[in-house]
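One structure is given here, and the rest of the page talks about it.
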Amino acid sequence: MWCPLVYRELFNKSKALVIKNIPLSSTSYPDYLDMDKMSMYSETDSGYGSYTPCLKSPNGVRVFPPALVHRHCSITCPLCHRSVSLDERGLRGFQRNRLLEAIVSRYQQSRAASVKCQLCDRNPVDATVMCEQCDVFYCAPCQQRCHPSRGPLAKHRLLPPTQAQAGSAQPAGASARKQATCLDHEAENYSMYCVSCKTPVCYQCLEEGKHGKHDVKPLAAMWKQHKCQLSQALNGVSDKAKEAKEFLVQLKNLLQQIQENGVEFEACLVAQCDSLIEVLTRQKAKLLTKVTKEKESKLMTVKDQITHCTMKLRQTTGMMEFCLEVIKENDPSGFLQISDALIKRVQASQEQWVKGALEPKVCPEFALTVNTDPLMQSILQLDFTQNKVPPAPLLQLEKCCMWNNSTTLAWRITTVQALPVEGYVLELDDGNSGPYREVYVGKETICTVDGLHFNSSYNARVKAYNSAGVGAYCKVVVLKTSDVAWFTFDPTSAHRDIVLSNENQTLTCNSYDDRVVLGTAAFSRGVHYWELSVDRYDNHPDPAFGVARINTMKDMMLGKDDKAWAMYVDNNRSWFMHNNSHTNRAEGGITKGSTVGILLDLTKHTLTFFINKQQHGPVAFENLEGVFMPAVSLNRNVQVSSRSTLTLSDQSHWDSRTVSYSESFS
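Numbering (this note's numbering), first residue to last: 4 to 669.
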């Protein structure tokens, strides 16, 4: 049984190869348009013997391409990637998949249909027994009639058909295994295994030298070894399959939980909406009550005003009628007797009407307004919100690192729930088991913190937060900074005339004027010592060495402003300088090859200078507080190189020790 992928690849390549070697003349071209209708083998070709591919055109003419008669084709199996040469043996040269044949044979035997009785004349029925000696299958009637269990036949062994089939298959398999012979030497059985070629070989293959220099081992030993390897691999796969089965059970339980939680959540949502509707209904009743009271109050006021106005109108009308009757009188003395009092009464009545008696006390409009826009907007914006705080982040230690006095921390959220995270808070203590303080707040999941103290241990922790609140802290991780300091010169803060080389450890200048460059470290506590070697010294310039704040002036000699403390030195003498004040002139200078040492003791808050390992002058500066950075100023006549974390040897003042530095948070 050949690999079907190889067989298909063989057919495609052979077909393409045949077409390539057929001359495409005007007479022959139409015969080869439909290649799927052509046959590569004759009807009597069994696949054995010499391989001579031929084509049969639709009109029945057989074509034998001469270019293919002596041409061999190499085909690579797309499954096992092994190349097989198709030579004169044809398909017989392909290695048979004997293992697959055996498996298929066993499968077919196990799935075979029921065996029929071999002695039934018409309509044979299923056999019930099989005689092992006679090798014949019998049904129950035929067995009683033709093979009774008496006489000489009593010694025959009768077996069930299925057992007989299984028994007969075993020798066939054994026989097949005995017939495993070499493809190149058919008379030789496989006895060795070539590890280099990964194929069984025989002794004759070894004698011919084809596998002479290869790693060859006994076939039985490799068979057991590969079986053992396969068993071990199966054990691993079995464990994974067991985990997958447990995971499937977990997923099925998850389906049920989701269904139950969904029903519960829907009921809760309906209850919440009903509660909102009930509250809105109660509030509607309250508002309607207020409107009713306002309406009744207005109606009462208008009715009272109508009653009062009606009474006054009646009084005024009666007075007017009386006055008209008085005017009709012709008796002057009688008229004058009451005219004064009557005039005053009319005038008083007129004044009462003028003072707003004819204006309504209420308006028909209601001075009540219900603003439903905010409520409507809130209802439209009503949506599901996250009511759970995020879980504790997990620090990704494989992405975290420490370098010098800087640390980079990375973290992530480990949860399958879609919990939104608005940001993270990274906290560090003070390096002395003190209280925590926030060093980063934001959405990023990676953060670099610079400016830690050297030779210190920090505790770090991270928490996440969202609109529901702040989650728990992750496990505290301990960060250990470097015991010994190392720094270079900083090209980003240096003057543009400064030239750095040797990985920013060597510097010179393009200008004849002094220019300043700072180190990459900042000191705030501890004892710190570093040296600079003079690599080139021409025309007796005055380079300056010392410490400075980060915002010191870069276009003048170090020490001329109030943010730098320095010693400038030539070939004969030196001075200390701070804020353009020159003090403590000392004899002795530098030359090519000299070393200048700087000792910053922030436990005593002093700064001391050394030339060639010897203290130069007294303590230069005292009462130093704050954060300081290594600093140098020079011009084009000088070249210096830094040497940090050195051993300071001065038996009169210091023990021989390695001095490290620390620095504060930036």
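Each residue gets a CB set at the ideal place from its N, CA and C atoms; glycine is no exception.
- Here L603 is near F526, since their CB atoms are less than 8 angstroms apart.
- Positions of the beta strand (DSSP E) runs, each at least 3 residues long and wholly inside the segment 570-653, are given as 576-581, 584-590, 598-604, 609-614, 632-637 and 641-647 in order along the chain.
- Fully enclosed beta strand (DSSP E) runs of no fewer than 3 residues occupy 426-431, 440-445, 449-452, 460-469 and 480-483 of the segment 411-490, in order along the chain.
- With respect to the 8 angstroms criterion, F492 and N513 are not classified as neighbours on the basis of their beta carbons.
- Taking the Cβ atoms as the reference, I449 lies roughly 7 angstroms from T411, within the contact range of under 8 angstroms.
- Taking 8 angstroms as the cut-off, the Cβ atoms of E430 and R415 do not count as close.
- Here L521 carries a strand assignment [DSSP, helix/strand/coil].
- Here DSSP, grouped into helix, strand and coil, assigns Y193 to coil.
- Going by beta carbons, V424 and A467 fall inside the 8 angstroms limit.
- Shown here for I553: same chain residues with a beta carbon closer than 8 angstroms to its own, the five before and five after excluded, namely S496, L521, A525, V630 and M632 in chain order.
- Comparing C-alpha distances from H498 to each of D516, Q262 and V487 shows the shortest one belongs to D516.
- Residue environment for S86: exposed (fewer than 16 other C-beta atoms within 10 angstroms of its C-beta).
- Excluding sequence positions up to five before and after K298, its CB lies within less than 8 angstroms of the CB of F369, all in the same chain and listed in chain order.
- W578 counts as buried, since no fewer than 16 other beta carbons sit within 10 angstroms of its beta carbon.
- Between I614 and V635, the gap from beta carbon to beta carbon reaches 8 angstroms or more.
- In this structure N626 is in contact with H608, their Cβ atoms being roughly 6 angstroms apart against a cut-off of 8 angstroms.
- CA-CA distance, Y443 to D433, rounds to 15 angstroms.
- Residue state for V365 is assigned as coil, using DSSP reduced to three classes.
- It is roughly 19 angstroms from the alpha-carbon of P163 to the alpha-carbon of Y110.
- Taken atom to atom, the span from the alpha-carbon of R646 to that of M556 is near 24 angstroms.
- Per the DSSP secondary-structure output, P203 pairs in a beta bridge with Y196.
- With the rule of 3 Cβ pairs closer than 8 angstroms, the segment 480-491 does not count as touching the segment 544-553.
- At the C-beta level, K391 and A270 stay beyond 8 angstroms of one another.
- Under DSSP, M133 shares a beta bridge with F140 and L162.
- Collapsing the DSSP output to three states places D538 in a strand.
- The alpha-carbon separation between S459 and L610 amounts to approximately 23 angstroms.
- Checking the DSSP bridge columns, you'll see H531 partnered with L603.
- Rounded to the nearest angstrom, the Cβ distance from L422 to P393 is 5 angstroms, consistent with a contact under 8 angstroms.
- Residues of the same chain with a CB within less than 7 angstroms of the CB of S194, apart from the 5 flanking positions on each side, are C205, Y206 and L222 in chain order.
- About 6 angstroms separates the beta carbon of Y540 from that of V641, a gap short enough to meet the 8 angstroms contact definition.
- In this model, H229 and L237 are separated by some 12 angstroms (Cα to Cα).
- C312 has its alpha-carbon roughly 12 angstroms from the corresponding atom of T320.
- For A183, the CB contacts under 7 angstroms within the same chain, skipping 5 residues up- and downstream, are R101, N192 and Y193 in chain order.
- Looking at the DSSP output, C76 bridges to L89.
- Spatial neighbours of S536 in its own chain (CB-CB distance under 7 angstroms, excluding positions within 5 residues in sequence) are listed in chain order as T598, V643, S644 and R646.
- Distances from the CA of D124 to each of C149, V107, L385 and S108 were compared; the closest alpha carbon is that of C149.
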